[in-house]
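Asks:
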Amino acid sequence: MAVRVQEEDFDIAAEIDALCAGRVDIGAVVSFTGLVRDLGQAAALSSLELEHYPGMTERALEAIEAEARARWPLQGVTLVHRYGVLAPGARIVLVLTASPHRAAAFEAAEFLMDYLKTRAPFWKKEATDHGGHWVDARESDDLAEERWRR
Amino acid sequence: MRVLYFAWVRERIGVPREEVETGAETVAGLIEELRGREERYALAFSDLSALRVAVDQEVVDFDAPLAAAREVAFFPPMTGG
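Chains as they are written, first to last, in my numbering: chain G, 97 to 246; chain L, 72 to 152.
1) For Y112/L, which three-state DSSP category applies?
2) Out of E129/L, V80/L and F133/L, which one is the CA nearest neighbour of E96/L?
3) Between the segment 186–200 of chain G and the segment 232–243 of chain G, are three or more C-beta pairs nearer than 8 Å?
4) Which two residues bound the contiguous beta strand (DSSP E) that contains W230/G?
5) Would you verify that the beta carbon of A125/L is, or is not, closer than 8 Å to some beta carbon of chain G?
6) Could you list the residues in the segment 145–164 of chain G with a C-beta less than 7 Å from some C-beta on chain L, going in chain order?
7) Which bits of chain G does M72/L rub up against, with CB to CB less than 7 Å?
8) Please determine, among A164/G, V191/G, G227/G and H148/G, the residue with the shortest C-alpha to C-alpha distance to A139/G.
9) Does any residue of chain L have a CB that is nearer than 8 Å to the CB of G185/G?
10) Using a Cβ-Cβ cut-off of 8 Å, state whether F77/L counts as contacting chain G.
11) Under 8 Å, do P217/G and F146/L count as touching if we go by C-beta distance?
12) How about L212/G: is its C-beta nearer than 8 Å to some C-beta of chain L?
13) Would you say P169/G faces chain L, with C-beta separation under 8 Å as the test?
14) Tell me the DSSP secondary structure of A200/G in three-state form.
15) Would A204/G and F128/G be called neighbours here (beta carbons separated by less than 8 Å)?
16) Do we get a CB-CB distance below 8 Å when we pair T93/L with the residues of chain G?
17) In whole angstroms, what separates the C-alpha of G85/L from that of E110/L?
18) According to DSSP, is W219/G part of a helix, a strand, or is it coil?
19) Only counting the same chain, and skipping five residues up and downstream in sequence, which positions put a Cβ closer than 7 Å to that of D134/G?
20) In whole angstroms, give me the CA-to-CA distance for D43/G and F207/G.
21) For V80/L versus L119/L, is the C-beta spacing smaller than 8 Å?
22) May I have a chain-ordered list of the alpha helix (DSSP H) segments no shorter than 4 residues that lie completely inside the segment 138–178 of chain G?
23) Just mark Q171/G as buried or exposed, buried being the case when its beta carbon has 16 or more other beta carbons within 10 Å.
24) So L115/G is in the alpha helix (DSSP H); what residue range does that whole segment cover?
And the structure:
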C-alpha cells in the first residue's frame with residue numbers, strides 16, 4: 097500500500113524492495129527518513145508523542161501523494177507515518193519516490209515532506225523532565241510549502 | 072453533529088469528541104455557541120489564529136458553512152513529518 101499510518105516501526109530496505117519488486121524500468125529511488133531528534137535544549141527529550149486524526153490522516157496523505165504524482169513522472173510512491181509514543185532516535189516518517197530519472201525522484205520527495213509538515217493532521221508533544229509541551233508549527237515549514245505554489 | 076478536538080485543544084476542553092446539537096450556520100457560529108458554554112471552551116477558542124478547523128475531514132476557513140456537516144474538528148496548526 098502506498099500510504100500507511102501506523103504505530104509500529106518500518107523497515108526501509110524492505111519498503112524499497114516492495115516498491116521495486118518485479119520492475120526493471122525504475123531508474124531512481126529516493127528515500128527520506130525522519131527521526132525523533134533530541135535538540136539538547138533546556139531539558140533532554142524523554143519521548144515524543146504523535147497524535148493524529150484517524151480517517152482524515154489517510155485522506156490527507158493520499159491527496160498529497162496524488163498531487164506529487166500529478167506533478168512528476170513517478171513510478172511509485174511510499175509514505176509511512178508513525179503515531180504514538182516514540183523514543184529519541186526512532187523513525188517517524190518514510191518517504192520513497194521512484195522515477196526513471198533522479199531529478200523527479202528528489203524533487204517529489206522534497207515536495208512530499210514539505211506538504212506533510214503542513215497538511216497532514218499530526219501533532220507532536222515533547223515530553224521532558226520538566227513536563228510535556230506541544231510543538232508549535234514553524235513558519236519556515238509554511239514557507240517551504242509555499243515555494244511549491246509559486 | 073460530531074465535534075472532535077486534537078492536541079492542546081483536546082486537553083483544554085477535556086474530551087476528544089462529543090455530540091453537539093447546534094443550529095449554527097457556519098463554523099464561526101458554532102465557535103460562538105461553544106464559547107458561551109463554559110470557561111474551558113472560551114479558553115480553547117480564545118485565539119482563533121492559533122486554531123485550524125476541518126469540516127468532514129477537509130480543512131476549511133472559519134466562515135465555512137455547516138449545512139449537512141457530520142463532523143467538525145478543531146486543532147492547532149499541523150506538525151507532521
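C-beta atoms are modelled at their ideal positions from N, C-alpha and C, and glycine is treated no differently.
Replies: Concretely, from the data shown:
1) helix
2) F133/L
3) no
4) G227 to W230
5) yes
6) E147, Y149, G151, M152 and R155
7) The premise fails here: M72/L is roughly 15 Å from chain G at the closest Cβ pair, so nothing lies under 7 Å.
8) G227/G
9) no
10) yes
11) yes
12) yes
13) no
14) helix
15) no
16) no
17) 12 Å
18) strand
19) A140, L141 and P184
20) Absent from the model: residue 43/G. The displayed extent of chain G is 97 to 246, so no value can be given.
21) no
22) 152–167
23) buried
24) I108 to C116
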